Amino acid sequence: MPHICSSSRRRFLQSSIGGAAAIGIGTAVPACFTQAAEHTVASVERILIVVQMSGGNDGLNTVVPYADDAYKAARPKLGIAASRVLKCNDDVGLHPSMSGLHDLLQDGKLSVVQAVGYEQPNRSHFEAMDIWHTCRRKEESRADGWLGRFLDSQPAKLGGDVPALHLGREQQPFAIASRSIRVPTIKELAEFQLQGQDRQALRSLLSNSLPAVETESNDLLNFLQSSTTSALAASQRVTAASQDYRSDVKYPETELSRKLRVIAQLIDAGLNTRVYYVQLDGFDTHAQQAATHEVLLREWSDAVSALVRDLHIQGHGERVCVMTFSEFGRRVAENASEGTDHGAAGPMFLCGGGLKGGIIGQRPNLTDLQEGDVKHEIDFRQVYASVIRDWMKADPTPILGHSYDSLPLFA
Amino acid sequence: MNELNSVDPKWAWLPFEPTSDQPWNQTLAAHLFRRAGFGADLATLDVAVKQSPAEVVEQLVLRNTEANDFRAAADTLAETVLAGGDPKQLSAAWVYRLLFTPNQLLEKMTLFWHGHFATGAEKVQDARMMWNQNQFLRQHALGDFHELTQKISQDPAMLVYLDSAINRKAHPNENFARELMELFCLGEGNYGEKDVLELARCFTGWEVKGKQFRKNRYQHDSEAKTILGQSGNFDGEDGVRIVLEQPQLEQFLARKWFRFFVCDEPQPSAELLQPLADAFRQHDLQVAPALTMLLKSNIFFSKHALGRKIKSPVELMLGTLRSLQATTNTQLLASGLLAIGQGLFYPPNVKGWDGGRTWINSSTLLGRANLFGKILENSATRFDGKSLTEALRNLGVRTADTAIGHFAKCLLAVPLSDVTKSELRQTYQNQTGDEEQKLRSLLHAITSLPQSQLG
Amino acid sequence: MNLLTTKILWSFCLMTNIAFIGVCCGAPSQKERTAIELLPKSIIAYAKISNLDELTKLILEHPLRERLLSLPEYRAALKSGPFKQLQLGLAAFEGSMELPWDQAVTKLTDGGITLALDGSQGGFVVLLKSSDEATIDRFRSFVLALGQLQNGGKAAKEGDYRKITAYSLSDQLKMAQMGHWLFLTNKSELGKAVIDQYLDGTHDSLQSNQQFQHALAKMESVDAQGGSLAAYVDVAAMQKAGIAKGMFSEKLDNIAAEVVLGGILANLRHAPYATANLKVNVEGARLRLVTPHQRDWEAPREYFFGAPALASAPPLIEVKERLFALSAHRDLSQMWLRAGDLLTDKANDSLAKADTQLTTFFSGRDFGEDILGSLSSGIQFVAKTQDFTGILPSPAIKLPTFAIQFAMKNPAETQPELRRVFQSFAGFFNVTSGANGRPQLDVGMESLGKAQLITASFVPDRAQRDSEAAPIFFNFSPTLAFIGDRVILSSSLKLAKELVMQEQPAESPLQTSNTAVTLDASVLRTILAANKSQLVASNMLSKGQSQDSAEAEIGLLLELITFLKDAQLKLDTTDSQMQLSLDLHLGSGNAK
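So the protein lines, in turn, are chains C, S and Z.
Sequence positions in the first sequence follow our numbering and run 1 to 411.
Sequence positions in the second sequence follow our numbering and run 1 to 455.
Sequence positions in the third sequence follow our numbering and run 1 to 592.
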């Protein structure tokens with residue numbers, strides 16, 4: 001796939017390191033510098049961004065079966081009227097506040113997978129979330145998460161960019177816990193840059209004092225020097241990306257949106273990070289669901305659609321996929337407090353370029369329920385397997401523990 | 001690099017005798033203090049150089065087995081901090097201890113055991129339990145490995161961390177049994193899956209109730225078991241004893257100590273490690289004699305060891321501060337250490353910290369430089385209670401060149417090239433601000449160099 | 001002949017007229033001008049400092065200064081860079097003025113110091129008036145010398161305007177002396193205006209600004225005792241000029257700010273001006289901020305003040321060893337329901353999310369309408385020290401206990417509701433306690449006279465039962481108490497019982513006050529002293545210093561607090577004005 005050179009990348013190449021490598025002026029360029037420059041340009045790796053909705057998102061009011069009488073019967077107060085939904089097909093429509101994602105759907109950039117769950121669903125927040133994170137039930141040993149195992153399976157590239165990042169103030173999700181790789185949690189872009197009053201001086205000192213070739217007999221020192229070069233290059237790229245970052249897309253002023261914008265900047269800076277993880281909390285709507293759910297879905301939909309559009313404009317649209325999930329859906333029938341209680345199966349969402357797009361799976365059967373909850377049609381590990389095999393191009397079986405068939409999610 | 005494994009194992013472990021080619025000087029003394037502890041200031045090095053290496057090592061080991069005033073004060077601080085119940089504050093209290101302790105080797109070994117018998121506060125959540133484990137590790141850090149292992153297998157924090165707070169006769173919990181053999185004592189390949197199951201049966205009935213350890217005899221499987229070739233009605237303590245009797249144990253630990261004290265890479269061969277392993281077993285698994293042998297050895301002071309380890313975050317930050325007699329905001333430091341990969345009381349998983357090259361990636365390198373920047377910009381950072389300018393002046397350092405030389409002597413394990421030195425000089429001159437700011441920037445620059453990450 | 005006589009007579013009249021006018025506008029009357037007459041009409045902020053000598057006397061003679069001087073750290077700090085420069089400056093000042101600095105300052109400013117900000121060009125001016133012209137002269141030369149030093153030896157540029165010499169000390173600072181007056185300004189136009197006023201007399205000066213005169217009349221007169229500052233701000237002009245936009249926004253971002261300050265900020269949006277009066281003397285300080293007020297300015301925040309009639313706050317709760325008390329009139333239910341009008345969209349979104357959580361907690365009762373709506377608008381809050389003697393386990397960190405008290409509109413209905421809510425909170429807390437290693441709550445019911453109390457106390461582990469260093473939870477024994485129409489939610493059973501037994505005054509002494517707050521510093525000191533080891537440990541960790549140094553620092557902090565006795569804050573609203581008063585009383589500094 002040809003790599004589209006974004007404007008910020010071009011600028012970077014024209015500036016310091018990369019420029020010298022390309023034009024070959026000035027003093028002999030250190031080997032480690034050229035390696036770093038090549039590395040930047042060649043970054044065509046696919047990226048997965050995981051958005052976790054914590055609390056149990058009410059899938060039935062997100063992907064609304066507006067034509068189903070059983071739906072209207074079960075939700076006299078909370079049901080979304082057919083006139084208000086953003087129709088996807090004759091069966092389902094999206095919640096009215098999800099205009100951003102509806103537009104993505106029209107452009108073939110959204111795939112909705114319906115009724116995703118697993119056998120013997122667990123309705124406890126912690127237990128259910130652990131199952132989604134590790135693909136293991138309580139009785140089995142849970143040492144690491146599915147993404148952690150994926151990272152372990154990738155060839156180790158010590159000294160370079162971190163392979164995965166978690167953005168936010170929350171505790172790190174189990175999904176990215178790995179046996180051998182430490183995934184950092186960052187709160188803001190500045191943690192990727194040299195800080196301090198004397199950072200300019202420090203940067204030039206470090207760049208200037210790194211030797212031309214690997215002179216040392218001490219392997220470790222060589223390793224440290226090349227790692228420092230990479231770190232400086234990464235910091236430079238991130239600074240350039242954040243300062244020069246101009247997007248025509250207006251990101252909303254919410255916390256989730258801010259995090260996704262940071263991710264967009266990091267991707268544009270050419271970081272070799274392949275997995276990004278963010279969380280959005282508040283979906284546990286036992287009472288007075290209507291107003292809160294609307295606010296949350298709007299926040300999520302606007303942020304994710306802004307990100308996807310922005311990445312497309314910057315030229316990274318085809319290699320980034322945003323996957324959204326929640327630890328369970330909610331009960332079909334509304335409760336007495338105008339809310340809903342913990343349920344089982346729910347929808348998953350994939351956004352980005354490179355998707356087949358559309359609504360996948362059957363509309364949930366609201367007459368054949370399992371203890372009042374939607375039965376799952378698709379095992380969530382199938383979705384994981386599809387992502388790992390078809391998107392990240394790795395073997396999912398050792399990661400998930402079993403062999404699962406792929407779903408037709410990706411183009 | 002095959003050079004390491006072509007070293008004569010016998011020669012490697014003989015005590016180092018200074019020669020004219022390799023004199024006992026400040027460089028070697030600094031290396032000893034860096035590895036056996038976190039670092040020493042020039043005054044301490046001066047005293048050490050006047051003694052023999054063997055004497056210095058013996059003092060390091062000996063003084064760490066005595067109680068003293070500092071320990072009492074540090075313990076009181078930890079107790080006070082525990083009232084708030086926050087493990088992160090406990091982290092800061094340990095950093096405080098590391099900053100001020102006269103017992104460097106003891107703390108270094110406690111840190112080693114903390115990574116070896118890894119237990120994380122984010123899962124245990126109880127600061128008191130974490131602290132009890134830490135104190136216990138400190139008590140036995142240079143003592144008897146039998147004690148250490150027997151007691152840790154009954155430590156509430158450890159059992160909670162390994163999901164082994166319950167162990168029922170009907171479904172023996174394999175977790176602790178596996179980690180005991182794989183991570184704590186023998187290493188993979190030195191036991192079979194059957195051994196894990198049988199050992200798990202030994203621990204049935206061992207549980208943690210109300211944050212205390214207890215043996216529930218109704219849940220204990222008292223039938224016969226066969227572990228690693230031995231049979232009998234073993235209970236948990238027997239199980240641990242059997243594991244400790246395995247001959248692979250001493251090699252396993254010797255390898256770990258080699259990596260921790262001597263060099264990150266390459267991997268030493270079993271032959272090279274055998275004398276150290278034998279010594280450990282011959283001393284009935286006492287840690288102190290084995291460490292004394294290691295720290296006095298030829299290989300420890302050889303070119304295979306000097307500057308051949310990447311400093312861990314704790315070694316880097318605390319080493320730098322101690323070598324310059326500096327003190328700082330320990331809470332800032334504790335949270336900074338977590339951010340760059342070594343949060344005290346927060347190991348990433350049960351394997352602890354792998355160390356070596358895994359400390360380094362673009363995020364942690366920037367993190368190291370930024371943490372130094374934050375500490376040096378913080379007003380609480382004092383050098384021997386004074387400003388950096390004053391502290392240096394008292395040591396006779398008044399110019400940029402002497403400052404560079406001074407810092408290099410105190411902090412670095414490998415020499416600086418002339419190019420680097422002139423770059424540093426240039427940086428100092430171009431820096432705006434008063435003398436104090438300029439000197440702190442210079443120090444920031446030196447600690448961010450790749451050479452500084454080597455210990 | 002007639003023509004000549006007429007000419008001579010006419011010139012004579014003219015000359016006498018000139019002479020007469022000259023007498024009127026001559027030097028003696030120039031001396032008597034006030035600062036107000038010298039300032040142009042377009043001033044939007046004005047402040048006058050008087051009795052500076054009292055203030056300097058206070059600083060020099062206060063026992064606090066003596067105490068600080070006895071500290072080696074303070075003396076060392078005085079030797080450090082910036083302080084040394086200050087002392088050099090002071091020595092130079094004393095040299096120029098030929099007097100010790102406090103006397104010099106007194107003499108220099110015995111006619112008052114005035115600061116003003118001009119609206120038309122954003123210029124500021126500082127005016128000094130002295131009874132002794134020579135003093136002004138010497139000060140002028142001092143400032144010129146200082147300016148020369150700063151400028152690297154270059155003397156200040158001189159200019160002449162209407163025979164008054166003006167000096168340009170820097171691009172931004174100009175100075176001129178007019179007899180007994182000296183002023184500094186940053187805009188030369190403003191300087192010229194002042195000089196014009198000085199020489200020509202009453203043109204359009206601040207004196208003729210009606211609004212200013214109105215405000216001036218309202219400002220309290222200057223007392224003989226204590227240094228004081230009187231200020232005036234033309235709020236409407238500031239709003240127009242776009243200064244401090246945040247304060248004037250229609251909707252607020254922060255929910256807490258809305259509850260605490262909403263009404264005040266609403267008033268500022270409409271008030272034409274505001275005045276401030278600050279008095280400092282050896283007993284303490286007193287600040288009064290006043291703006292006019294009209295009832296029709298309040299909407300949509302009338303519930304802050306009381307609707308339909310202005311409401312007053314309930315009395316401040318009095319208890320022994322009281323640390324802090326707050327009393328306010330806030331119709332929280334109406335504020336919650338009208339949040340759409342009061343808060344920005346972003347804040348409303350957070351409120352919607354919170355509503356869901358709260359309604360879940362409150363077992364489906366709508367938080368805004370049912371819970372808040374069942375309470376009257378008077379809120380009383382009190383905090384005091386807790387006495388742990390004889391109580392085991394006692395916590396290592398000793399927190400004060402606090403309580404909040406409301407009146408219920410319909411006690412018979414509300415009481416069982418709130419009781420159920422309390423019980424479900426305790427239950428929910430207990431369910432999650434196990435997982436998080438917290439002790440559990442034991443819920444019970446008690447009667448005390450006519451009062452009913454629902455109690456919850458933490459249950460210690462067997463091992464912890466006799467501990468004197470128990471976890472922080474053991475500061476709390478949450479209690480919900482009902483007596484008559486009062487409902488009290490307290491963090492401790494003891495305080496709940498104390499409040500329940502209190503006689504309620506028939507009428508609130510706070511007649512016009514909408515909000516009142518009081519803080520007792522000696523109790524604060526007691527609480528901090530009880531937790532000294534915690535403070536020392538925290539200091540050791542955050543400064544990385546030895547226990548001795550940490551103890552010395554904390555000891556000093558505790559001593560410094562003894563110099564403060566108490567503080568009070570009140571917000572009074574009438575149909576015509578709104579006044580915020582802050583009173584600070586200083587103590588004698590006896591370390592107990």
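The C-beta atom is built at its ideal place from N, Cα and C for all residues, glycine as well.
From a predicted model like this one, the values you see are computed outputs, not experimental measurements.
When you compare only the Cα positions, how much space is there between residue i and residue j?
| i | j | result |
| --- | --- | --- |
| residue 317/S | residue 455/S | 12 Å |
| residue 327/Z | residue 179/C | 56 Å |
| residue 296/C | residue 405/C | 33 Å |
| residue 189/S | residue 397/S | 56 Å |
| residue 493/Z | residue 479/Z | 6 Å |
| residue 422/Z | residue 357/Z | 16 Å |
| residue 324/S | residue 102/S | 15 Å |
| residue 48/C | residue 275/C | 5 Å |
| residue 275/Z | residue 571/Z | 15 Å |
| residue 154/Z | residue 146/Z | 11 Å |
| residue 320/S | residue 354/S | 22 Å |
| residue 38/C | residue 237/C | Bear in mind that a pLDDT of 40 at residue 38/C, under 50, signals an unreliable position, so the number given afterwards is only what the model happens to contain. Each residue's Cα considered, the two are about 14 Å apart. |
| residue 348/Z | residue 78/C | 21 Å |
| residue 314/Z | residue 92/Z | 56 Å |
With a cut-off of 8 Å on the beta carbons, I'd call residue i and residue j a contact; round off their distance for me.
| i | j | result |
| --- | --- | --- |
| residue 360/C | residue 311/C | Contact flag wrong, Cβ pair sits at about 22 Å. |
| residue 51/C | residue 346/C | Rounded, the Cβ-Cβ distance is 14 Å, inconsistent with contact. |
| residue 440/S | residue 371/S | Actually they are not in contact, since the Cβ atoms of residue 440/S and residue 371/S sit about 14 Å apart, beyond 8 Å. |
| residue 161/Z | residue 195/Z | 6 Å |
Could you pull out every residue in the same chain whose Cβ sits closer than 8 Å to the Cβ of residue i, ignoring the five residues on either side in sequence?
| i | result |
| --- | --- |
| residue 247/Z | 265 and 268 |
| residue 319/C | 1, 44, 45, 46, 47, 353 and 354 |
If you drop the 5 nearest sequence neighbours on each side, which residues of the same chain put their C-beta closer than 7 Å to that of residue i?
| i | result |
| --- | --- |
| residue 42/Z | 118, 119 and 120 |
| residue 295/Z | 575 |
| residue 256/C | 278, 280, 299, 300 and 303 |
| residue 339/C | 285, 286, 287, 288 and 289 |
Cβ atoms of residue j and residue i: under 7 Å apart, would you say?
| i | j | result |
| --- | --- | --- |
| residue 414/Z | residue 374/Z | yes |
| residue 219/S | residue 169/S | yes |
| residue 93/C | residue 112/C | no |
| residue 429/Z | residue 441/Z | yes |
| residue 177/Z | residue 138/Z | no |
| residue 288/Z | residue 581/Z | yes |
Report the residues of the region 122-149 of chain Z with a CB closer than 8 Å to any CB of chain S, ordered along the chain.
none
Which of the residues in the region 252-270 of chain Z, read from start to end, lie with their CB under 7 Å from any CB of chain C?
none
Along the region 349-371 of chain Z, where does the CB come closer than 7 Å to a CB of chain C? Name the residues.
349, 352, 353, 355, 356, 359, 360 and 364
Residues, ordered as in the chain, of the region 542-569 of chain Z that lie near chain S by beta-carbon distance below 7 Å:
542, 543, 544, 545 and 547
If the cut-off is 8 Å on Cβ atoms, which residues from the region 398-419 of chain S count as contacting chain C, listed in chain order?
Legend: CB atoms of the region 398-419 of chain S lying less than 8 Å from CB atoms of chain C belong to residues 414, 417 and 419.
Between the region 151-170 of chain Z and chain C, which residues of the former have CB atoms less than 9 Å from a CB of the latter, in chain order?
none
Taking a cut of 9 Å between CB atoms, which residues from the region 234-253 of chain Z lie near chain C?
Result list empty, no residue passes.
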